[in-house]
Structures are given as C-alpha cells and as structure tokens.
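K.L.:
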Amino acid sequence: MASHLARRTFLWGLSATGAVGLSGPLWRAHTAWGAAEPIKIGLLMSFSGVVAAWGRAGRQGLKMAVEELNSQGGVLGRQLVMKAEDDTVNGEVAVRKARRLVLDWGADLIIGFNASGVALAVCPIMPELKRILIVPCADSPSITNEKGNKYIFRSHANGYQTSAGGAAFAASRPFKRWTVIGPDYSYGWDAWGTFVAHLLKHKADVDVLAVQAWPKLGAGTYDSHITKILDAKPEGVYCPLWGGDFVTFVKQARRHRFFEQVGMFLTPAGLAMDAFYALADWSPRTSEVPLDIYTAAHGYWPEHPQTARHTQWVAQFMEREGELPHVTAHDTYAAVYFYKQAVEQAGTTDTEAVIQALEGMVLESPAYRKVMRKEDHQAITDVPWGITKEAKDLEPLFVRITDIRDSKGEDIVEPIEEILERRKTGAEPPWRKYVLKG
Amino acid sequence: MNMMPADSFAAYVLNGLVQAACLFLLASGLTLIFGVLGILNFAHAALFMLAAYLAAQVSAWSGSFWVALLVVPPVLALLGAGLERGLLRRVYDVPVAYQLLLTLGVVLLIKDLVKLLWGTAWKTLSEPPMFSGTMMVLGRPYPLYNVVYIGFVILLGLALWAFLSRTRLGKVVRAAAMDRDMANAVGINVPLVYTGVCALGTALAGIMGVFHGPMLNIHLDVDHDYVVEAFAVVVIGGLGSVPGALLGALLVGMLDAFGILIIPRFQMAFIYMVMAAVLVFRPHGLFGVREA
Chain A
204 MASHLARRTF LWGLSATGAV GLSGPLWRAH TAWGAAEPIK IGLLMSFSGV
254 VAAWGRAGRQ GLKMAVEELN SQGGVLGRQL VMKAEDDTVN GEVAVRKARR
304 LVLDWGADLI IGFNASGVAL AVCPIMPELK RILIVPCADS PSITNEKGNK
354 YIFRSHANGY QTSAGGAAFA ASRPFKRWTV IGPDYSYGWD AWGTFVAHLL
404 KHKADVDVLA VQAWPKLGAG TYDSHITKIL DAKPEGVYCP LWGGDFVTFV
454 KQARRHRFFE QVGMFLTPAG LAMDAFYALA DWSPRTSEVP LDIYTAAHGY
504 WPEHPQTARH TQWVAQFMER EGELPHVTAH DTYAAVYFYK QAVEQAGTTD
554 TEAVIQALEG MVLESPAYRK VMRKEDHQAI TDVPWGITKE AKDLEPLFVR
604 ITDIRDSKGE DIVEPIEEIL ERRKTGAEPP WRKYVLKG
Chain B
53 MNMMPADSFA AYVLNGLVQA ACLFLLASGL TLIFGVLGIL NFAHAALFML
103 AAYLAAQVSA WSGSFWVALL VVPPVLALLG AGLERGLLRR VYDVPVAYQL
153 LLTLGVVLLI KDLVKLLWGT AWKTLSEPPM FSGTMMVLGR PYPLYNVVYI
203 GFVILLGLAL WAFLSRTRLG KVVRAAAMDR DMANAVGINV PLVYTGVCAL
253 GTALAGIMGV FHGPMLNIHL DVDHDYVVEA FAVVVIGGLG SVPGALLGAL
303 LVGMLDAFGI LIIPRFQMAF IYMVMAAVLV FRPHGLFGVR EA
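Protein sequence lines correspond, in order, to chains A and B. The numbering of the first sequence is this note's numbering, which starts it at 204 and goes up by one. The numbering of the second sequence is this note's numbering, which starts it at 53 and goes up by one.
Structural data, given as structure tokens:
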C-alpha cells in the first residue's frame, strides 16, 4: 500500500491514543446541552474480521450523512446522533447488540450488516424490537424474501440483481463451460445460483460444471481450490468471494496464472474499493488487481455515472476521508437519506408511519435513483458492470473499472410474484440446485 | 475416481506442503514454549498477526521485504522475552485456568494495539520481486514463492533440529524442559533458559508473519484462519514435541489439500477425526512423552 498513507495512518493512530483521553470529558459536557430529543441511528457492521474494511466504509457513509443533515438543522428540527457497534461477523453478537442498541440506547433506526449470515440472524428479532432495519450492504436475497418482514428494508441491489446483470454480460461472450469459486454460505450460493439461472435464460447450451469450489468464509488458503478449478478447465468462472477473502484469493490465484487460463472471470462484489486499495502498490505504481476481469464492484464505482451531483459528492467524500468512496459508504449514506425522506414525509419517527412512507419511496442517491419496492422492501436500482484496465493516472489505485454499462433496475430485479409465491409455499429458491458441493 | 495426472498430483502435494510449512512455523513455536515453560500460549497466533502487520509496515517504509525479514523476527523475540519476564513468569505455579486467562488477555491487548496503530483497513505485503513469478512444475504453472517458502521452512526446521539436538545450548533447553529442578541443581540458569525459549518461539511466529504475509490479506483476525489448525497440529504431534509438530503439520497440510479434492464438504472434519483418533489411542500425541 501507499507508504506515505500508511505512515500517516500509523501516526494518526499514535496521536489518537492521546487525543481520545483528552477530549472525552469535554465532548460529553458539550452534548449534554442538546435541546430537542435527538433521532438515534444505530449502526451494526463488521469492524473486525475478514470484512472489516466494509464496516469501516459503512461508518464513513453514515457519519457523512449525519453531519451533513445536522449542519442543515437536522430532521424535523431534531439532531441526528449515531452509535456504531462491531457485529464481529457473528450472528449471535449482532442479535445481542441490536437488542442493546434499541432497548438500552434507544435507537430509532438500525442500519446494518455486511455479511448476509449476520443479517439473517437479526431479521427475525426486528418485529419484537419494533424498529426498522435498513440493510445497505449484505446481499443474500433471503434477507428481504424468505426471512423478510415488514421492518426489513434493503437500500442496495441484492445478489439476485447483481448476478442477473453479470449473466447478461457473460451471455454476450462465447464461453460455455462455467464454474464457481465462492464463499460457502447463503450469499455465495445465491449469487452463483441466480447467475446460472439467468445465464441459462440467455443461452440454453451452457455447461454448468460439477467441479465447484466452496471455501469457507475466511479460508486463508486457496491453492488447492485453485488447482481443482483449473483442472476442470472451465471457460468462465463466477467468483462471489469478497472482502479480505477476495484479496487473499487474488494474491494466490495470480501466482498460478489463474486469470490467464480462464476465458472470462466475473466477480460481483470481490472488487469493491477495499480490494483496489489493498492490492495497489505505490512502488512501482502497479496493482495486483487482475486486468480484463469483469466486476460490479458490489454495485458502485465512484467514476460512474459522471453526473454533476455524483462527481460533487465524490469530491466531498474525498475531502472528508482522503480516499475514494467504497460502495458501502455510498449505500449507507443513501440508507440515511431514505430514512430522512420517510421521516419528513411521515412527520414523525413513529416506526409504523415511517414504514408506510418508505414503501414505494423514490430516492435520488448520489449515484443512482433507487425505488423501494412496496411489497418486499427491496430497492430497485441499476447495477454497473465493467472491466478492469490499467490506469497509471488514478492514484492510488493504478487500475480502474472502465466500459461500465448499467443493468437497468427493473430488468434485473426478481419478479415480485415469484417471491410472494415462495413465501407462501416455503419452497427453497429454485436456483439453489446449481450449487454442487461434491 | 480417474487417475490424476502427474502435474495435478504434484500441485496438490505442493499445496499441502505450503499449508504444512505455515502450520509448522506456527505450531513449532507454540509447542516449544509449551514443552519448556509448560504454558499453552493462546497469544501465540495473535503475535503472528502482529508480526504480519509489522512486516507490512516495515516493508512499506523501507520498500523491501528483506528489511522486514531482518527486523521483525528480532522485534518479536524481544516481545517474547518481555512476555515471559513480565507476565508468564508470574503464573508458572498457578492453576492452568489462570494461565489461559492471562494469555487470552494478551490476545485482546495485541488486537486493540493493532487496531489503534493500523485501524481496520487491509494491509498487504509483497514478496521479493525475484520470487514473485511463476515456475513450471511438470509443465504446469505453479507459484514460485510457494516453492521458496517450502524450501525456507525446511531449512529452518533443520536448523531448529540441529540447534536442539546438536548444540550445548539445545541440550540445556531440553534439560530444562525435562526436569526444571534438576537442571537448576546442576547449575543451569533455568529462568534465563525460559526467557530464551519464549523469545525463540515468538521469533518463529515473527518469521511466519513475514514469510506468510505475501500470501494473504493481512487483517485483524488473520490469526483465526490458522489458530485452530495449529492447535490441532500440536495435539496430533504431541504437546511439547517439535518433530511431532512437523509430522502433525504435514498430516494436516495434506489432509487440507487433498480433502478439498476428495470430499470438500468434510475437509475440516478429516482433521478433527485424526485429532480425535490420536487423543483416544495416543493421548500424549504421536511424538509426545507420556507424563511420568
């Protein structure tokens, strides 16, 4: 990574040690003067573990939105306060902390979760807590489908939507033999399953290989998975690995010349901003990000779309944080604005009234228009897919995503009839049959 | 199953050896410290994590992997010596539960320290450019660094073996491990030996931090990915036995590599099954010494 950046972070850490000690009491004295009852937003994301960079991004987005709104006088004249807690990528911890945020701290809203497994653990307790949960990152369709309830909203494209977009890309190329290397839990299964289901819709003669690789989350070593996949001689590989796992996988796969031996490689979430930063190298201004692979960067890239509003937002973000925004920063920021709009429309923070306002709500987020579908509370939103190219000018990444094409939100979202039917029958999603674990 | 082509077989064997090499680096230090000090140091893997962060930092500052390899293991050795002098020394005679609590406390301390210094963003470390390419193994591209890594750990293992069995100092260490009071009585400075062994064991975690760093994404819980298997290795090989750690690492590494191929779903279960079998039939481990 960038050496001067790293040094700055290091020194910042040292100085913060002292600063925290000094500023604590002052800060508390200051907030005690607050007049109107504030609106409390609790953030539950992973600040430790293999996806910690994603939780950090969520906190950046939340903080930016909260400070921006507060500087404009708050929402309904009330200031926003936030509290961020580490879910440690653990469902039980997340359930405990969600309860504490609502019952002890008095959170009006919970925004949360990077890993789908954690989100799925918390979904069932939201009716008991009677608070809205907006999910700006975790991707498994089940969060708003099978496990959905009226308190759960997702401001982000789910794995179905992203994979449907990717499948359209994949179908445009002549490759027939497809396999997967993905994390062995709901998100990985759904991302791959929906990808195959859509690929088959575009192209009937696709050969889904029985040799598939399903390493556990945080596997650390991928060599044998890589050998196994290469031996099966696939033409195309879909890779829903993400976060630190994807970074590790890339570092190991490059050395096996994996990317040269595969005709087409797509990753829906692997190449989000965290991976670009981790894989870049200042000396000699290169990156380990493989070139000519396809990615949705989990649904957001700061150079796209190039509208005035979006460009300005990215500039503001960089001014604050000194780095390019991660998808989860953008989507958590959007989640706060969804809530803000709904509270203003409802004229209250009463949960039931805000739920009504959120249903069908249209939000112009910095990059995309998002429509919160009434029936399942899943945002309909465009998803960008593009290809990685060298970019010496783009500091400090040295690689960018180019030739981005947006898959249109309404084309890729799962039809609501299918979801309602599955909810009624309790059937397993039909695409799970493509997950073959050997 | 069809006959596997020779190049695939070679790749799996090498994959297994890489896994074995990293597990041996972690488990040998763990087992050495247990063998002599009698303390199961839960903080050992966290020290590896700290070493990986230090290695990434030093190599970012200096622009060289080799500087990190030169600097980090001695720093870890000092930390290990400090750990023994400052903390472990005080708990040799208390019940095991307190020892475990103490080393678990050290884990939390290290994690918070790393979080404070480096935050939660990923860190990565690059291998030296001369080892960064691909080599051909029976006509198949294979990571050069993996092979270098295996070779390095073999050399290190030989050096460790030679030190423990062929040098006077090694004999002193073994004597202190075997009978603390007797060693003391014949004039060995046992407290110094303890400090030295803890430093050596921790330096091995430091070497792993540097050498394993380029193969992964360095994050706060990177130790979790290895700690369970490292403990399995130590149990299989026999608590306190360095040759046992080697055998255990090879066994677990190969189970890892070929398990993914044969029945991926039960890859981890294989390792626990071996561990359970060892505990039932040879409770002191394959190379462990039965307590007198």
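Note that beta-carbon positions come from the ideal geometry of N, C-alpha and C, so glycine has one too.
With a 10 Å radius around its C-beta and 16 neighbouring C-beta atoms as the bar for buried, classify A/P487 as buried or exposed.
P.N.:
Label assigned to A/P487: exposed.
K.L.:
Going along chain B in order, which residues have a C-beta closer than 9 Å to the C-beta of A/D642?
P.N.:
Lying outside 204 to 641, the shown extent of chain A, residue 642 of chain A is not represented and no answer is given.
K.L.:
Are there 16 or more other CB atoms within 10 angstroms of the CB of A/Q415, so buried, or fewer, so exposed?
P.N.:
Counting Cβ neighbours within 10 Å, A/Q415 comes out buried, since at least 16 surround it.
K.L.:
Could you give the distance in angstroms between the alpha-carbon of B/V166 and the alpha-carbon of A/F468?
P.N.:
B/V166 and A/F468: Cα-Cα distance of roughly 35 Å.
K.L.:
For a test of the three-state rule: what should DSSP assign to A/Q581, helix, strand or coil?
P.N.:
In the structure shown, A/Q581 sits in a strand (DSSP, three-state: E or B).
K.L.:
I want to know whether the region 411–426 of chain A touches the region 472–483 of chain A - three or more CB-CB distances under 8 Å.
P.N.:
At 8 Å Cβ cutoff, the stretches do not touch.
K.L.:
Taking 7 Å as the CB-CB limit, is A/S251 close to chain B?
P.N.:
Answer yes: the Cβ-Cβ gap between A/S251 and chain B drops below 7 Å somewhere.
K.L.:
Please work out which residues of its chain come closer than 6 Å, Cβ to Cβ, to A/A260, disregarding the five sequence neighbours upstream and downstream, and give them in chain order.
P.N.:
Excluding positions up to five away in sequence, the list reads H529, T531, A532.
K.L.:
Rounded to the nearest angstrom, what separates B/I85 and B/G253 at their Cα positions?
P.N.:
Each residue's Cα considered, the two are about 6 Å apart.
K.L.:
What is the rounded straight-line gap between the Cα of A/L306 and the Cα of A/H428?
P.N.:
If I take the Cα positions, the gap works out to 45 Å.
K.L.:
Using DSSP's beta-bridge definition, name the partner residues of A/S673.
P.N.:
Residue 673 of chain A is absent from the model: chain A starts at 204 and stops at 641.
K.L.:
Within 7 Å of any Cβ in chain B, is that where the Cβ of A/S490 sits?
P.N.:
Answer no: the Cβ-Cβ gap between A/S490 and chain B never drops below 7 Å.
K.L.:
What residue does the alpha helix (DSSP H) around A/V298 start on, and which one ends it?
P.N.:
It spans 294–303 - the alpha helix (DSSP H) in which A/V298 sits, taken as one unbroken run.
K.L.:
Can you find a C-beta in chain B that's less than 7 Å from the C-beta of A/A413?
P.N.:
Chain B contact via Cβ: absent.
K.L.:
Using 7 Å as the threshold, is the C-beta distance between A/G252 and B/D145 below it?
P.N.:
No, they are not a contact pair.
K.L.:
Quick one: what does DSSP say A/D410 is sitting in, helix, strand or coil?
P.N.:
It is a strand residue.
K.L.:
In the DSSP assignment, what residue or residues form a beta bridge with A/W504?
P.N.:
A/W504 is bridged to A/H507.
K.L.:
If you draw a straight line from the alpha carbon of A/I604 to that of A/W308, how long is it in whole angstroms?
P.N.:
Each residue's Cα considered, the two are about 41 Å apart.
K.L.:
Compute the Euclidean distance between the alpha carbons of A/Y540 and A/D606, then round it to the nearest angstrom.
P.N.:
So the alpha carbons of these two residues sit roughly 29 Å apart.
K.L.:
To the nearest angstrom, report how far apart A/G439 and B/L190 are at their CA atoms.
P.N.:
Going from the Cα of A/G439 to the Cα of B/L190 covers about 25 Å.
K.L.:
Bridge partners of A/A287, per DSSP?
P.N.:
Partner(s): A/L246.
K.L.:
Considering A/I313, what are the terminal residues of the beta strand (DSSP E) in which it resides?
P.N.:
312–315 is the extent of the beta strand (DSSP E) around A/I313.
K.L.:
Residues in its own chain within less than 7 Å of A/Q364 by CB, not counting five upstream and five downstream?
P.N.:
Same-chain partners within the cutoff: V586, I615, V616.
K.L.:
Which residue wins for smallest C-alpha separation from B/D308, given the options A/R460, A/V450, A/K431, A/F449?
P.N.:
Among A/R460, A/V450, A/K431, A/F449, the Cα nearest to that of B/D308 is on A/K431.
K.L.:
Taking 7 Å as the CB-CB limit, is A/R211 close to chain B?
P.N.:
Confidence in A/R211 is poor, its pLDDT being 47 and thus under 50, which makes the residue's placement too unreliable to answer from.
K.L.:
Should B/V225 go down as buried or exposed, given a rule of 16 or more other Cβ atoms within 10 Å for buried?
P.N.:
B/V225 is buried by the Cβ-count criterion.
K.L.:
So who's on the other strand from A/E593, going by DSSP bridges?
P.N.:
Note: A/E593 sits in a beta bridge opposite A/V602.
K.L.:
Please list, in chain order, all residues of the same chain as A/G227 whose beta carbon is under 6 Å from its beta carbon, the five residues on each side excluded.
P.N.:
Below a pLDDT of 50, predicted positions are generally treated as unreliable, and A/G227, at 39, falls in that range; the measurement from the model is reported next regardless. No residues qualify anywhere along the chain.
K.L.:
From A/D289 to B/V88, what does the alpha carbon distance come to, in whole angstroms?
P.N.:
Straight-line Cα distance between these residues: approximately 38 Å.
K.L.:
Spell out whether any CB of chain B is found under 7 Å from the CB atom of A/W236.
P.N.:
Because A/W236 carries a pLDDT of 45, less than 50, the predicted location of this residue cannot be relied on, and no value is offered for it.
K.L.:
Got a sec, what are the start and stop residues for the beta strand (DSSP E) A/E567 sits in?
P.N.:
Note, A/E567: beta strand (DSSP E), 565–567.
K.L.:
Please report how far the alpha carbon of A/I346 lies from the alpha carbon of A/Y390, in whole angstroms.
P.N.:
Roughly 10 Å between the two C-alpha positions.
K.L.:
Thinking just about the alpha-carbon of each residue, which of A/L279, A/S249, A/D579 is nearest to the one in A/I314?
P.N.:
When only C-alpha atoms are compared, the closest one is A/S249.
K.L.:
Can you list the residues of chain A that B/M267 reaches, using a CB-CB cut of under 7 Å?
P.N.:
Correct list: K454, Q455.
K.L.:
Please determine, among A/F356, A/H513, A/E578, A/A499, the residue with the shortest C-alpha to C-alpha distance to A/G369.
P.N.:
Among A/F356, A/H513, A/E578, A/A499, the Cα nearest to that of A/G369 is on A/A499.
K.L.:
Any contact of the region 306–320 of chain B with the region 63–72 of chain B, i.e. 3+ C-beta pairs under 8 Å?
P.N.:
Because the criterion of three Cβ pairs below 8 Å is met, the region 306–320 of chain B and the region 63–72 of chain B touch.
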